[in-house]
Amino acid sequence: MIVLILGAAIVCPGRPALSQQTDGAALTVAATKPVERQWSETVPASGWLRPWHEAISAAEVGGLRITDVLVDVGSVVRKGQPLARLSDETVRAELRKEEAALATAKADLAKAETNAERARRMQGSGVLSDEKINEYLIAEQTAAAGVDSAEASLESQRIKLSQTTITAVDDGLITSRSAQLGAVVASGTELFRLVRQQRIEWQAEVSARYRPLLKEGLAATIFDPGGQQIRGTVRLVAPTVSTDTGRALVYVSLPPEAHAPIGLYATGQIEFGAQSALTVPDTALVTRDGMNYVFTLDGEARARRVRVEIGRRNSGDVEILSGLDRSAQVITTGGAFLSDGALLRVEGAAR
Numbered sequence: 284m285i286v287l288i289l290g291a292a293i294v295c296p297g298r299p300a301l302s303q304q305t306d307g308a309a310l311t312v313a314a315t316k317p318v319e320r321q322w323s324e325t326v327p328a329s330g331w332l333r334p335w336h337e338a339i340s341a342a343e344v345g346g347l348r349i350t351d352v353l354v355d356v357g358s359v360v361r362k363g364q365p366l367a368r369l370s371d372e373t374v375r376a377e378l379r380k381e382e383a384a385l386a387t388a389k390a391d392l393a394k395a396e397t398n399a400e401r402a403r404r405m406q407g408s409g410v411l412s413d414e415k416i417n418e419y420l421i422a423e424q425t426a427a428a429g430v431d432s433a434e435a436s437l438e439s440q441r442i443k444l445s446q447t448t449i450t451a452v453d454d455g456l457i458t459s460r461s462a463q464l465g466a467v468v469a470s471g472t473e474l475f476r477l478v479r480q481q482r483i484e485w486q487a488e489v490s491a492r493y494r495p496l497l498k499e500g501l502a503a504t505i506f507d508p509g510g511q512q513i514r515g516t517v518r519l520v521a522p523t524v525s526t527d528t529g530r531a532l533v534y535v536s537l538p539p540e541a542h543a544p545i546g547l548y549a550t551g552q553i554e555f556g557a558q559s560a561l562t563v564p565d566t567a568l569v570t571r572d573g574m575n576y577v578f579t580l581d582g583e584a585r586a587r588r589v590r591v592e593i594g595r596r597n598s599g600d601v602e603i604l605s606g607l608d609r610s611a612q613v614i615t616t617g618g619a620f621l622s623d624g625a626l627l628r629v630e631g632a633a634r
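Quick note on the numbering used here: the sequence shown kicks off at 284 and runs consecutively.
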């Protein structure tokens, strides 16, 4: 009996200590209050990154050999900058020939003008017949026309000489080069293709039901596969909807410094308005059995699990549509390890 009584005395004093341990703080957590934010309404979109406009530099004279290629794909060029040169020996020879023809035409004109002036002075004297006088006057007009024709031919040849240098038709980025050293090109052959002014745009497709909400000047965001975001502005909304896909095309201008890769298929969103949203950090959200919960802190510093409906996500925050009181203190860390009614220690003051 004495042994049993002593054993009971030893066990009983331990029970209050165990109870105190159970009532001790289970976890140190951080807490914050929901924040009211103005979040933009967005339209999901996807489409290709394409040049705003392309420009082609082509050969305007045919039968000439390429002697120099001055740029390559990826080169940034300015309007009028030489891109390639063609052999110009035959063109220069033709130019000298036209210069000589002009000199001959001017000499013929000078002679015709002298004869015509003499014929005018002799009109009515009977020394020259009217027929002969008219012949001199017509010869003067013909020689003057010959000079004009020779000058036009010379100017044409000078233009042809200038066309032996292939130049950029606008500022831009070279994206294609078909010019090969030594190749003999035909007139109209494409030698270079460039993106005008280095402007890339996102040709995004959106559901037709959103088209009435979209207009020029709206902000857009592209989600780059590398994890970065590219901001742009709606330049144009297509006036028609595709009968095949039921989607509308929206042209979004992107800044040149973004260096968006041409030909990439990208997803993103277009912002068309702002609405109020009650938000908490997404670290406060706990998903269990397909349901979304947050833990709040009650007046006794205990965790209370609250089921919520969520909406949009943005920059590390999540929108709470229902289920949460605006004045609640929401636990933002350690939610996955909490149970309903657990006693907590709050890290610092609730924000």
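Think of the CB as a built atom: it goes at the ideal place given N, C-alpha and C, for glycine as much as any other residue.
As the structure is a prediction and not an experimental result, all values here were calculated from the model.
Cβ-Cβ distance between residue i and residue j below 8 Å
i, j, result
"residue 349", "residue 465", "yes"
"residue 565", "residue 608", "no"
"residue 458", "residue 369", "no"
"residue 629", "residue 563", "no"
"residue 520", "residue 487", "no"
"residue 518", "residue 540", "no"
"residue 557", "residue 615", "no"
"residue 531", "residue 537", "no"
"residue 322", "residue 560", "yes"
"residue 555", "residue 497", "yes"
"residue 515", "residue 310", "no"
"residue 360", "residue 462", "no"
"residue 356", "residue 444", "no"
"residue 491", "residue 524", "yes"
"residue 405", "residue 416", "yes"
"residue 433", "residue 384", "yes"
"residue 574", "residue 596", "no"
"residue 332", "residue 545", "yes"
"residue 619", "residue 569", "yes"
"residue 550", "residue 358", "no"
Bridge partners - residue i, DSSP secondary structure assignment
i, result
"residue 558", "322"
"residue 597", "600"
"residue 571", "574"
"residue 351", "368"
"residue 477", "338 and 457"
"residue 333", "484"
"residue 536", "484 and 516"
"residue 531", "489 and 524"
"residue 613", "315 and 579"
"residue 637", "Here the chain covers residues 284 to 634 and nothing more, so residue 637 does not appear."
"residue 605", "592"
Nearest residue (CA-CA) to residue i, options the options
i, options, result
"residue 326", "553, 571 and 578", "553"
"residue 351", "468, 453, 411 and 399", "468"
"residue 453", "364, 603, 328 and 491", "364"
"residue 479", "356, 402 and 455", "455"
"residue 281", "449, 606 and 495", "Because the chain here runs from 284 to 634, residue 281 falls outside it and cannot be looked at."
"residue 335", "410, 482, 387 and 527", "482"
"residue 638", "386, 548, 489 and 495", "Nothing can be reported for residue 638, as the shown portion of the chain is limited to 284 through 634."
"residue 579", "606, 502 and 442", "606"
"residue 347", "353, 581 and 372", "372"
"residue 529", "502, 489, 409 and 500", "489"
inquiry  = Any contact between the stretch 328 to 343 and the stretch 474 to 494? By contact I mean 3 or more CB pairs, one from each, below 8 Å.
reply    = yes
request  = Just list the beta strand (DSSP E) runs in the stretch 437 to 471, keeping only unbroken ones of 3 residues or longer that don't cross its boundaries, in chain order.
outcome  = 448 to 450 and 455 to 460
inquiry  = I'd like the ranges of any beta strand (DSSP E) spanning at least 3 consecutive residues and lying wholly in the stretch 481 to 526.
reply    = 483 to 490, 502 to 506 and 512 to 524
ask   = Which runs of the alpha helix (DSSP H), 4 residues or longer, sit entirely within the stretch 365 to 412?
value = 372 to 404
key: Inter-stretch contact (C-beta, 8 Å, three-pair minimum) for the stretch 433 to 447 and the stretch 311 to 328   = no
query = Counting Cβ pairs, one atom from each stretch, are 3 or more of them under 8 Å apart for the stretch 418 to 435 and the stretch 391 to 400?
reply = yes
request  = Kindly confirm or deny that the stretch 497 to 515 and the stretch 378 to 389 touch, where touching means at least three C-beta pairs closer than 8 Å.
outcome  = no
message = I'd like to know if the stretch 578 to 598 and the stretch 619 to 626 are in contact, where contact means that at least 3 CB-CB pairs between them fall below 8 Å.
response = yes
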